[in-house]
Amino acid sequence: MIETNFQALDINELDNEEEMATPQINQAFLQSPWYADLCFVLLNLQAPPGLSRTKKRFLKMKASKFCIIDSSLFWKNHEGILLNCLTLDETDDVLKEFHAGDCGGHLYWKSTADKILRARFYWPSLFTDVKKFVMSCHKCQIFEGKRKLLPLPLKHFSTERPF
Ligand SMILES: [Zn+2]
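Position one of the sequence shown corresponds to residue 8 (our numbering), numbered consecutively onward.
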């Protein structure tokens with residue numbers, strides 16, 4: 008029996024709509040200026056029209072660090088760990104919670120940013136926003152530079168008997 012190429016490819020499987028369907032993504036990402044172009048690349052496998060060749064190339068390189076899973080957008084860090092991409096509306100709550108909330112502690116901005124990343128949250132202006140937020144935190148301004156206690160002066164004391 009001679010097997011044709013069509014049979015070898017099992018052409019019926021290519022018509023399976025589920026496998027060929029374009030991935031769905033939450034509308035919030037498509038409307039976000041941070042992610043709209045990236046989502047276009049991920050959904051259409053090409054850069055949006057009207058961009059220069061350099062910008063298209065840059066965008067494709069950037070998009071290679073993102074992926075869509077269950078309609079959500081994820082950013083892959085240098086260790087290959089997927090971090091949840093947040094939209095602008097969601098960042099404020101995360102900033103408040105991780106700096107001044109229950110899991111906060113009014114830490115230095117770099118430590119706060121590190122905490123957010125370790126909790127697997129990401130957005131493009133994360134470091135700038137965290138720094139701005141911490142610098143404008145009233146409690147942190149009051150206690151700035153007063154976190155460390157000065158060493159007490161050494162004093163001589165006499166002992167009456169050995170310990
Ligand atoms: Zn603070």
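Backbone N, C-alpha and C define an ideal beta-carbon position, used for all residues, glycine too.
Open item on the list: According to DSSP, F81 sits in a beta bridge with which residue or residues?
Closed with: F81 is bridged by DSSP to C74 and N91.
- [ ] For ligand 1, list every residue whose C-beta falls under 5 Å from any of its heavy atoms, going in chain order.
- [x] H113, C144, K146 and C147
- [ ] Can you give me the Cβ contacts of L93 inside the same chain, cut-off strictly under 6 Å, excluding the 5 residues immediately before and after it?
- [x] F128 and W130
- [ ] Please name the residue, chosen from S71, S39, G57 and T61, that lies closest to V48 on a Cα-to-Cα basis.
- [x] S71
- [ ] Determine the burial state of D136: buried for a count of at least 16 other Cβ atoms within 10 Å of its Cβ, exposed for fewer.
- [x] buried
Open item on the list: Helix, strand or coil, according to DSSP, for F128 in the structure here?
Closed with: strand
Open item on the list: Measuring alpha carbon to alpha carbon, tell me which residue in G87, L133 and K67 is nearest E97.
Closed with: Residue L133 holds the alpha-carbon nearest to the alpha-carbon of E97 among G87, L133 and K67.
TODO: Please name the residue, chosen from S79, P40 and N51, that lies closest to N33 on a Cα-to-Cα basis.
DONE: S79
Open item on the list: If we define contact as Cβ-Cβ less than 8 Å, is K117 a contact residue for chain D?
Closed with: The question asks about chain D, but that chain is absent: this structure has only one protein chain.
Open item on the list: Short of 7 Å in beta carbon distance, which residues of its chain neighbour K63, apart from the five on each side in sequence? Order them along the chain.
Closed with: Only A54 meet the Cβ criterion.
Task: Nearest-angstrom Cα separation, counted from D44 out to T61 - done: 14 Å
Open item on the list: At the level of alpha carbons, what is the spacing between M8 and P30?
Closed with: With a pLDDT of only 47 at M8, under the threshold of 50, the placement of this residue in the model should not be trusted, and no figure is reported.
Open item on the list: Between which residues of its own chain and G111 is the CB-CB distance below 7 Å, once the five residues before and five after are set aside?
Closed with: E104 and F105
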